[in-house]
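Residue numbers (our numbering), protein chains in the order written: chain A, 1 to 233; chain B, 1001 to 1140.
We put the CB at the ideal spot given by N, CA and C, even for glycine.
For clarity, every value in this text was computed on a predicted model and none was experimentally measured.
First comes the structure, then the notes that go with it.
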Amino acid sequence: MTTAANAEPTTCPACNAENGDCLCNAWSEHFDEMIEPISIHDRDFRIVRANQAFGDLLGKKPEEVVGSPCYKLIHKITAPCKNCPHQRLLAENRAVSAEMKEEVLGCIIYVNTSPIRNASGKVIGSVHVVHDMTDHYAAENERVEREKLQTALEMAGAVSHELNQPLQVISGYAEMLSKSIPEQDANHRRAVEIKTQAMRMRDTIRKMKEIRKYQTRDYIEGERITDFTSGNN
Amino acid sequence: MEKRVMVVDDDEPIRNMLADAFMDQGYAVDTAANAEEALAVLAGRPICVMFFDLKMPGMTGIELCRRVKSRYPISCIHALTGYISLFGLSDCLEAGFDDYFTKPVELPLLFEAAEHAFKKLERWTGRQVNIQKENPVYES
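In structure tokens form, the structure reads like this:
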């Protein structure tokens, strides 16, 4: 728990807070050296102080973000967002953490908020520490996609052998039948069709082995199946 | 010499189908379900054109090809495989296979390969190979 220092006897000229509720002196120069974006927010969601990294996150100087509500500055909205950790902190009177997919900034962040209390224990603001999780999730997603592709290829390899063996027999006998049955006989056409469809299965099985990227496509009633055509490029 | 081929495959329906197919074309056919059987057949009669499955229990088709080529160098051996990635083309060529087919392979391709092999053997040996069952021209 962070408590404000009693730097001023009456009202702080910087933030207008009354004695003991001033947040300005809670700030340390050390915070400007930290790579994590750090900010202090008051009960009205206004940013009271921010470090260099926080400014960099928004493409502004730290002093330019002071005074603006965080929801307006960061999320470009007019009220606190649905999963706002600061709002939850104020409601629950405790530290709160939240992961947020930040559409405006184009990143995924994990925010740890810690309450700042005055001498009587009332929450007068919070410290926010932001961790950019974007690269972590990108690497994780890439790993998952690689594993999916590897699994699909392993399955395709197993399936291809098990299907290619009987297909060889089917296509071979169909070929022999089509050669031995006169063309005028209806069974000749049927034998040719058996061979054609066997070769069609062969080509599909080969496509299964050639996928380079795991993709799925709609099948029926919300069910999805592996796409062996568009994933081959 | 009669035009005789050998088919080695642990899958019985495939052995039977290929035997039927080659016999329809006028070839004499021997079959074997595994490498050991194949070597036993070869010990009993000269066969110069062969088709080996690669994935078989015990000795693989690749190892069988190495052994056959070392004992019977005047031979044309073709690989047949349902496992496309497991046994690559370069592994087969290194083992001594003359050609490589992935299942299911269309029969005319196999007939063409067999005919090409017999023509090559005729050139190598200067001996005419007839499709009818005549007196053996080859001597083991």
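{"Item": "For V1105 (chain B), return the contacting residues in chain A, with the cut-off set at a CB-CB distance below 8 Å.", "Value": "Q168"}
{"Item": "Starting from the C-beta of I205 (chain A), find all residues in its chain whose C-beta is less than 6 Å away, skip the five residues before and the five after it, and write them out in chain order.", "Value": "S160, L163"}
{"Item": "So which residues of chain A does P1013 (chain B) contact, with C-beta pairs closer than 7 Å?", "Value": "V169"}
{"Item": "Report the neighbours of N164 (chain A) on chain B: residues whose CB is nearer than 9 Å to its CB, in chain order.", "Value": "T1081, G1082, Y1083, I1084, T1102, K1103, P1104"}
{"Item": "With 16 as the cutoff for other CB atoms within 10 Å, does A1043 (chain B) come out buried or exposed?", "Value": "exposed"}
{"Item": "R217 (chain A): which of A:C70, A:D227, A:V65 sits nearest, CA to CA?", "Value": "A:D227"}
{"Item": "Please confirm if A191 (chain A) has its CB atom under 9 Å from at least one CB of chain B.", "Value": "no"}
{"Item": "Specify the secondary structure class of E221 (chain A) as computed by DSSP and reduced to three states.", "Value": "coil"}
{"Item": "State the Cα-Cα distance for the pair Q52 (chain A) and P37 (chain A), rounded to the nearest angstrom.", "Value": "7 Å"}
{"Item": "What is the rounded straight-line gap between the Cα of R143 (chain A) and the Cα of I211 (chain A)?", "Value": "17 Å"}
{"Item": "Please report how far the alpha carbon of D1024 (chain B) lies from the alpha carbon of V192 (chain A), in whole angstroms.", "Value": "18 Å"}
{"Item": "From which residue to which residue does the alpha helix (DSSP H) around R1092 (chain B) run?", "Value": "The sequence given here places Cys at residue 1092 (chain B); Arg does not occur at that position. First-last of the alpha helix (DSSP H) with C1092 (chain B): 1089-1095."}
{"Item": "Can you find a C-beta in chain B that's less than 9 Å from the C-beta of K179 (chain A)?", "Value": "yes"}
{"Item": "Counting only the same chain and skipping the five closest in sequence on each side, list residues whose C-beta sits under 7 Å from that of T229 (chain A).", "Value": "K207"}
{"Item": "With H, G and I counted as helix, E and B as strand and the rest as coil, what does DSSP make of L1121 (chain B)?", "Value": "helix"}
{"Item": "So which of A:S126, A:K195, A:Q215 has the shortest CA-CA distance to A95 (chain A)?", "Value": "A:S126"}
{"Item": "Drop a sphere of 10 angstroms on the beta-carbon of D42 (chain A), count the other beta-carbons inside from all chains shown, and report buried for 16 or more, exposed for fewer.", "Value": "buried"}
{"Item": "Give me the Cβ distance between A1079 (chain B) and G1061 (chain B), rounded to the nearest whole Å; I'm assuming they're in contact under 8 Å.", "Value": "6 Å"}
{"Item": "I want to see whether chain A comes within less than 9 Å of K1133 (chain B), judged by CB atoms only; does it?", "Value": "For K1133 (chain B), the pLDDT reaches just 39, beneath the cut-off of 50, and the residue's location in the model is therefore unreliable, leaving the point undetermined."}
{"Item": "Could you please give the first and the last residue of the uninterrupted alpha helix (DSSP H) stretch that includes M176 (chain A)?", "Value": "134-180"}
{"Item": "Just curious, the alpha helix (DSSP H) that E193 (chain A) is in, first and last residue?", "Value": "186-209"}
{"Item": "To the nearest angstrom, how far is it from the Cα of L1121 (chain B) to the Cα of E147 (chain A)?", "Value": "49 Å"}
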